[in-house]
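Since the structure comes first, as structure tokens, the remarks are kept for the end.
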Amino acid sequence: MKNLLSFITILFLTVIVHCTLKAQWIAQTSGTTNTLYSVFFTAADTGYAVGDLGTIRKTINGGSTWAVQTSGTTDALTSVYFIDADTGYVVGVTGTILKTTNGGISWNLQTSGTTHNLLSVYFCNDSIGYTVGLSGTIRKTTDRGINWLVKETGINSLVSLYSVWFTSVDTGYIAGSSGYIYKTTNGGNNWNILGNGSIGSLDLHSVQFISSDTGFIVGSNSAFLKTSNGGVNWTSTYGGGNVFNSVCFTDANTGYAAGNYGGYGIIQKTTNGGTNWVTTFSNGSTGNLNSIYFPNPNTGYVVGVSGTIRKNAITTSVKETEHSFFVNIFPNPTNGKFSITLKTITKMEVEIYNALGEKVDANSIFIKQTSNEIDLSALPKGIYFIKIYDGEKIYTKKIVVQ
């Protein structure tokens, strides 16, 4: 694979590319009018959405189509989480827990030991997972869902627990009703209150950490909380009138919050770690948005009422300036095979990206004065970009594989 990438890299030495990316939230066809509560992707193109009446939908083509999966229940399903491409868990009302080991071809009911509604599920690794819900309910598994143990020490049984997230097998956080935030440092054996009522009686609906120290929480009345020291301190803002149901940060600065404003679906975005937010989607014909997920920084999905699924779409404009002194290539576009001729020898650092902006690989190579026939048939058809760092110079080149 590295040899193949090295050859691809040679091709991209000759042209500087300027790219402009624009994102829009485009409606997908879910095939259901049932409310969807949670969305999760195992890869850029493969994802799941779950909701009312046991609804499970799966896509393997980036949301172009969503196939029906049989859950075996009519209970509302509230949260979905996969630990790998095949193994996933779904939780729902009346203590429902489902598990699949074959990418959703079949789902099997687990014994949760509770009849309380479960609202969120999270796995630390392939064996250890947690689910939380109403009336302070917490269940933990250490054996891939065979057994679910009660882990509620320190939890107020009157608090609804809406969202759970772990940064390690021992350290985790829960966001709940009435401003409650809980933290454990011993694998759920004890939970300590980090906040309750610090921002009034606002419900906190979604928690996410992007490192062991940096985390975010959103909730009702535009509530947004941030910590940079593992929950010791939280900065908070609220009062905008939005009900945020879900938060997803792609890095320390860039994040999204989805919910509703006056019954209308809304998505807001920050590019400075939550200091400022701008609305990137609002539609009076779309009601509550319940869950937002980004499998990579440039691709996101959101789900909500009436079977709503939306995907952010990227458009790319490219302006190229040829520098044929360095390299000759033919043909481009290509059906997979092309030839290159080089007129320089150098060593450089390489970063390879697909059209979604996902980094494919990085290399250091020597470019040789020779002609080569390159075969890209092992790569999917599409557009590729490679950034080449040659000392202080940066080159980027586009090639189209048809």
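The numbering of the sequence shown is numbering that gives the first Met the number 0, which starts it at 0 and goes up by one. Glycine included, each C-beta is placed from N, C-alpha and C at the ideal position. Note that this is a predicted model, so its numbers are computed, not measured.
- With fewer than three CB-CB distances shorter than 8 Å, the segment 98 to 106 does not count as touching the segment 148 to 158.
- Under the three-state reduction of DSSP output, residue 105 falls in the coil class, being neither helix nor strand.
- If you look at residue 162, you'll find it in the beta strand (DSSP E) that goes 160 to 165.
- With a minimum length of 3 residues, the unbroken runs of beta strand (DSSP E) contained wholly in the segment 201 to 238 fall at 203 to 208, 214 to 218, 223 to 226, 234 to 236.
- The criterion of a C-beta distance shorter than 8 Å is satisfied by residue 161 and residue 118.
- The DSSP assignment places complete beta strand (DSSP E) segments of no fewer than 3 residues inside the segment 123 to 173 at 128 to 132, 137 to 140, 160 to 165, in order along the chain.
- Distance from the Cα of residue 206 is smallest, within the candidate group 120, 136, 287, 139, for 120.
- Assignment of residue 262 by DSSP, reduced to helix, strand and coil, places it in the coil class.
- If you check the CB distance, residue 258 and residue 275 do not come in under 8 Å.
- For residue 181, the uninterrupted beta strand (DSSP E) segment begins and ends at 180 to 183.
- For residue 32, there is no enclosing beta strand (DSSP E), as DSSP marks it with neither H nor E.
- Take the alpha-carbon of residue 189 and the one of residue 32: they are about 41 Å apart.
- In the three-state reduction of the DSSP assignment, residue 53 falls in the helix class, which pools H, G and I.
- Listed as beta-bridge partners of residue 276 by DSSP are no residues whatsoever.
- Non-local beta-carbon contacts of residue 399 in its own chain, meaning distances under 6 Å to residues more than five positions away in sequence, involve 332, 382 in chain order.
- Counting other Cβ atoms within 10 Å of its Cβ, residue 139 reaches 16 or more and is therefore classed as buried.
- Only residues of its own chain outside the window of five on either side were considered, and among them 24, 266 have a CB closer than 6 Å to the CB of residue 280, listed in chain order.
- For residue 100, the three-state secondary structure derived from DSSP is coil.
- Distance from the Cα of residue 285 is smallest, within the candidate group 311, 201, 299, 307, for 307.
- Counting C-beta atoms within 10 angstroms of its own C-beta, residue 27 has 16 or more neighbours from the protein chains shown and is therefore classed as buried.
- When the beta-carbon positions are compared, residue 299 and residue 311 come within less than 8 Å of each other.
- Excluding the 5 residues flanking it on each side, residue 251 has same chain C-beta neighbours closer than 7 Å at 209, 213, 272, in chain order.
- About 5 Å separates the Cβ atoms of residue 125 and residue 82, confirming a contact at the 8 Å cut-off.
- A direct Cα-to-Cα measurement between residue 79 and residue 200 gives close to 28 Å.
- Take the alpha-carbon of residue 260 and the one of residue 86: they are about 35 Å apart.
- CA-to-CA, the gap between residue 45 and residue 57 works out to about 7 Å.
- The C-beta distance from residue 53 to residue 98 rounds to 14 Å, too long to fall under 8 Å, and the pair is not in contact.
- The closest CA to that of residue 237, considering only 224, 290, 269, is found on 224.
- Note: residue 60 is not bridge-paired with any residue in the DSSP secondary-structure output.
- Secondary structure at residue 78: strand, using DSSP grouped into helix, strand and coil.
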